[in-house]
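To start, the structure under review is shown below, and the notes come after it.
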Amino acid sequence: MFAAHRSTPVLALCALAAGLTVASGAIHLYLWDHFYRHITTGHMNALFLVQWILCFVGAVALLVMRNLLAVLANAALLAGTFIGFLIAKYHHGGLFGFAIPGFSSWETQWTTVVEIAGTVVLVGAAAAMARRSEA
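Here it is in structure tokens:
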């Protein structure tokens with residue numbers, strides 16, 4: 019579980035997942051800088067920064083460690099961010115009292131694609147690691 023995997027498919031999946039994780043963090047940093055910096059409802063301003071920081075730390079950990087723990091942590095981060103978006107967008111009370119308006123921007127579309135794709139790649143990496151551990 020904690021051993022670094024060195025097979026080419028696992029390395030490729032980890033590199034791709036790290037790139038998608040960084041992309042998610044970069045989009046959230048952009049959103050914080052342009053839209054959410056001054057929104058204190060539910061501490062959204064701080065949560066966007068925390069998400070950005072965790073994405074960059076998670077991507078580095080994924081590239082350096084290349085183990086199941088790093089893969090699962092990054093998958094939880096991306097999936098949790100997407101679930102938080104869905105709650106803020108579609109739940110009546112929003113997320114911590116913050117609701118996203120009804121419009122759909124390029125940022126929400128890209129972050130949705132990036133987070134879903136990243137989660138799928140990370141689940142694939144976890145499956146590849148599990149298969150290699152059994153062999």
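Residue numbers (the working numbering): 19 to 153.
Think of the CB as a built atom: it goes at the ideal place given N, C-alpha and C, for glycine as much as any other residue.
Keep in mind the model is a prediction, meaning the values are calculated, not measured.
If you run the structure through DSSP and keep just helix, strand and coil, what is residue i?
i	result
residue 116	strand
residue 61	helix
residue 85	coil
residue 122	coil
residue 111	coil
residue 52	helix
residue 42	helix
residue 149	helix
Alpha carbons only, please: which of the options is nearest the one belonging to residue i?
i	options	result
residue 107	26, 61, 43 and 118	118
residue 36	23, 57, 89 and 60	89
residue 40	105, 145, 115 and 128	128
residue 79	54, 59, 95 and 61	95
residue 142	31, 23, 87 and 26	31
residue 93	122, 145 and 66	145
residue 104	133, 85 and 47	133
residue 99	136, 24, 58 and 51	136
residue 74	45, 24 and 57	45
residue 68	57, 50, 84 and 56	50
Is it true that the CB of residue j sits closer than 8 angstroms to the CB of residue i?
i	j	result
residue 115	residue 60	yes
residue 33	residue 72	no
residue 91	residue 76	yes
residue 48	residue 125	yes
Between residue i and chain C, is any beta-carbon pair separated by less than 8 angstroms?
i	result
residue 52	Included in the structure is just one protein chain, with no chain C present.
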